[in-house]
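S.K.:
Protein chains in written order, with the numbering used here: chain A, 124 to 532; chain B, 243 to 570.
1) Does the segment 284-295 of chain B touch the segment 444-454 of chain A, meaning 3 or more C-beta pairs lie closer than 8 Å?
2) Any C-beta of chain A sitting closer than 8 Å to the C-beta of residue 514(B)?
3) Roughly how many whole angstroms lie between the Cα atoms of residue 511(B) and residue 383(B)?
4) Going by other Cβ atoms of all chains shown within 10 Å of its Cβ, with 16 needed for buried, is residue 498(A) buried or exposed?
5) For residue 313(A), I'd like the list of residues in its chain whose CB is within less than 8 Å of its CB, leaving aside the five on either flank, ordered along the chain.
6) Which bits of chain B does residue 409(A) rub up against, with CB to CB less than 8 Å?
7) Once DSSP output is grouped into helix, strand and coil, what is the label at residue 253(A)?
8) Terminal residues of the continuous beta strand (DSSP E) containing residue 157(A)?
9) Need the endpoints of the beta strand (DSSP E) that residue 456(A) sits in, please.
10) Determine the burial state of residue 214(A): buried for a count of at least 16 other Cβ atoms within 10 Å of its Cβ, exposed for fewer.
11) Name, in chain order, the residues that DSSP records as bridge partners for residue 281(B).
12) In chain order, what residues of the segment 375-386 of chain A put their CB closer than 7 Å to some CB of chain B?
13) Determine the direct distance from the alpha carbon of residue 191(A) to that of residue 327(A), and round the result to whole angstroms.
14) Got a sec: which bits of the segment 415-437 of chain A sit with their beta carbon under 9 Å from any beta carbon on chain B, in order along the chain?
15) Count the other CB atoms, across all protein chains shown, that sit within 10 Å of the CB of residue 344(A); report buried if there are 16 or more and exposed otherwise.
16) Tell me the DSSP secondary structure of residue 292(A) in three-state form.
17) Evaluate contact between the segment 540-548 of chain B and the segment 393-411 of chain A, counting only Cβ atoms and requiring at least three cross-stretch pairs below 8 Å.
18) Would you say the segment 289-301 of chain A touches the segment 346-354 of chain A, given that touching needs at least three Cβ pairs under 8 Å?
19) Shorter than 8 Å from the beta carbon of residue 559(B) to some beta carbon of chain A?
20) Taking the straight line between their C-alpha atoms, what separation do you get for residue 289(A) and residue 279(A)?
21) On the CB-based measure, 16 or more other CB atoms within 10 Å of its CB, does residue 363(A) come out buried or exposed?
22) Using a Cβ-Cβ cut-off of 6 Å (strictly less than) and excluding sequence neighbours within five positions of residue 336(A), which residues of its own chain qualify?
23) Is the separation between the beta-carbon of residue 505(B) and that of residue 369(B) shorter than 8 Å?
24) Residue 343(A) touches chain B at which residues, Cβ-Cβ below 9 Å?
25) Give the interface partners of residue 534(A) over in chain B, defined as CB-CB distance under 9 Å, in chain order.
26) Can you check whether the C-beta of residue 174(A) is within less than 8 Å of a C-beta belonging to chain B?
27) Considering only C-alpha positions, which residue in the set 446(B), 392(B), 457(B) and 494(B) is nearest to residue 480(B)?
28) Taking only runs that begin and end inside the segment 300-374 of chain A, name each unbroken beta strand (DSSP E) of 3 or more residues, in chain order.
29) Indicate whether at least one CB of chain B lies closer than 8 Å to the CB of residue 211(A).
30) By the DSSP assignment, the alpha helix (DSSP H) with residue 234(A) in it spans what residues?
31) In its own chain, which residues sit with a C-beta less than 7 Å from the C-beta of residue 438(B), not counting the 5 before and 5 after it?
32) Taking the alpha-carbon positions, what's the residue 472(B) to residue 285(A) distance?
33) On the CB-based measure, 16 or more other CB atoms within 10 Å of its CB, does residue 273(A) come out buried or exposed?
34) Curious, which full-length alpha helix (DSSP H) runs of at least 4 residues does the segment 357-424 of chain B contain?
35) From 292(A), 318(A) and 157(A), pick the residue whose C-alpha is nearest to that of residue 439(A); which is it?
36) With distances taken between CB atoms, is the gap from residue 413(B) to residue 493(A) smaller than 8 Å?
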């Protein structure tokens with residue numbers, strides 16, 4: 124057993140027992156971050172803050188929400204919105220947060236792709252990040268069921284139907300997932316459990332893993348430069364801050380994060396107070412009615428691109444394409460064959476590939492919401508879906524032939 | 243500066259995506275087209291009624307007899323509108339209205355005739371004239387009554403056929419039934435005969451009273467169910483509860499739908515109600531209070547929260563400047 128002496132301060136007392144000073148050093152003051160970064164490197168902390176807002180607002184909503192098909196709609200729209208003090212504020216924060224968190228996730232992902240931050244030791248960062256994306260998607264979908272409005276019900280119907288597997292006609296599986304023939308009380312209560320317990324636990328675990336995977340390979344930088352972190356850290360500690368290529372996480376990197384968060388919160392709360400319809404679809408303010416199918420059923424915007432990969436094909440082909448699209452991005456570190464860790468604009472054809480991917484996903488997103496009955500939209504959607512599927516093999520090809528960038532560039 | 247360029251790219255792509263999935267997609271999803279694929283623009287006419295929409299609809303159907311009928315009808319309405327009505331002379335005519343519009347909860351032919359206490363205040367003059375001349379045509383639901391069914395107020399046509407008499411009755415309402423109206427009264431008179439609002443404890447029978455005995459409450463509930471059955475029988479379906487309608491439908495939909503339900507929902511059994519601008523505003527206020535009661539609090543708190551984060555961001559910027567002062 125370790126030797127304990129009388130502590131002279133709380134700090135010392137804690138340090139003896141949980142190594143507080145070591146923790147501070149390892150996690151904050153000597154957790155080195157490259158200096159050559161831009162505001163996109165703050166998206167991780169912005170995500171963490173948004174997740175925090177979602178958890179806190181969720182806890183307040185949980186105090187009044189009733190997971191029962193007869194009570195759910197009114198517990199949200201009446202009890203929380205008009206009887207509970209500031210219930211409307213928590214609900215709007217939760218609704219807008221759930222939508223905007225995906226915008227930040229997509230920016231975070233595209234940043235990683237642009238700067239090649241999934242390569243050479245950083246594969247697990249990418250994989251744990253993708254796992255988080257999947258967990259957040261499940262969290263968003265299960266949460267969307269809870270107000271039990273028209274979109275909750277019909278989106279639940281459509282998405283659970285996907286598990287029938289097209290021509291496999293596995294309706295037994297669909298019924299098992301729903302706990303009923305159609306979405307009903309059993310369906311609502313199990314999605315409630317998933318939303319408030321199981322998936323949040325998984326998300327928290329994955330966030331810890333995601334942070335953990337960062338520690339050894341370190342954060343990438345704007346030029347993809349291979350930094351000797353020990354040497355750079357020694358320079359910094361010796362006071363040669365200008366010469367050193369690194370900064371400590373706290374307080375230097377954090378100060379920039381907090382500023383970016385401040386700007387982000389201005390936007391966030393503008394949306395919470397003045398422009399929330401995009402995140403809280405008006406259709407969902409009509410109570411669920413199994414006898415009245417809405418004219419247009421569409422997922423929230425962040426699922427539209429993969430929904431559109433499902434839609435333009437036949438039943439089975441569509442499901443297969445959809446399945447591929449769901450897991451395709453996981454493989455990015457392994458199908459990018461290039462040895463270079465560098466920003467896209469220094470990697471020849473890769474930069475073209477990158478912007479085609481961004482634009483294609485935006486086109487898919489738009490077409491996923493536009494009515495497919497219009498032949499022009501259907502055709503554009505189909506082309507965009509094929510483009511997305513082709514982008515995988517194309518990436519293998521162009522990165523195989525990518526020239527190695529000389530050191531020091 | 244590089245960071246600003248990157249920010250501009252991120253913002254541009256985010257806004258483009260927003261535009262495509264929100265304004266553009268919703269416009270495409272809800273746009274109305276005629277048989278030739280030409281877009282029909284639905285516009286509010288400021289809650290005045292001259293049959294423009296009704297005639298255009300008939301023209302789109304290609305039914306020339308109907309077009310002529312609608313044109314003739316609304317032309318006559320505008321003729322009556324030009325007559326100088328005599329409120330004193332109209333009182334006797336209005337007494338006939340009171341035969342049914344008693345204010346008592348008695349269903350007649352499908353619905354409870356609404357109270358006319360503020361009819362001159364919340365309804366448009368042209369609409370009132372049209373309604374007395376031919377209720378089905380005025381409400382733009384004449385397609386419902388082409389066969390054997392008769393509009394519950396249909397008998398008014400034979401009771402009051404003289405144009406001057408109509409002008410007098412309308413003048414009476416505009417003068418004597420035009421007192422200041424609360425949102426609740428406006429809503430009760432214009433909407434409650436068909437629509438319940440459970441968030442304000444309102445049913446087709448009006449505001450639900452408080453009962454001491456459960457037995458009485460249950461007995462009342464049965465009366466409500468009976469009334470709803472009658473309305474359902476007449477309308478084909480029970481008209482929706484309007485508790486959350488203010489958030490479920492956009493402003494543009496509400497305006498154009500209330501002016502002319504057929505425009506947004508062709509074939510609907512909902513009649514045009516004939517609200518004027520003030521009447522609409524009162525009804526909207528009532529529905530906002532029921533379905534979006536936090537609107538005022540939201541708008542009051544918004545600037546403070548945004549102000550807080552503007553100051554927060556400024557201070558954070560200064561802190562960042564300070565922390566990074568020796569780094570470059």
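In this text, a Cβ means the ideal position worked out from N, Cα and C, and glycines have one as well.
M.R.: Here's the rundown:
1) no
2) no
3) 7 Å
4) exposed
5) 302
6) 482, 486 and 490
7) helix
8) 155-157
9) First-last for residue 456(A): 455-458, but that is the alpha helix (DSSP H), not the beta strand (DSSP E).
10) buried
11) 275(B)
12) 375, 378, 379, 381, 382, 385 and 386
13) 27 Å
14) 418, 419, 421, 424 and 427
15) buried
16) coil
17) yes
18) no
19) yes
20) 17 Å
21) exposed
22) 247, 248 and 251
23) no
24) In chain order: nothing, as chain B lies at least about 15 Å away.
25) Because chain A spans 124 through 532 in this model, residue 534(A) falls outside it and cannot be assessed.
26) no
27) 446(B)
28) 369-371
29) yes
30) 210-237
31) 444, 445, 446 and 483
32) 41 Å
33) buried
34) 361-364, 367-375, 377-380, 398-401 and 405-418
35) 292(A)
36) no
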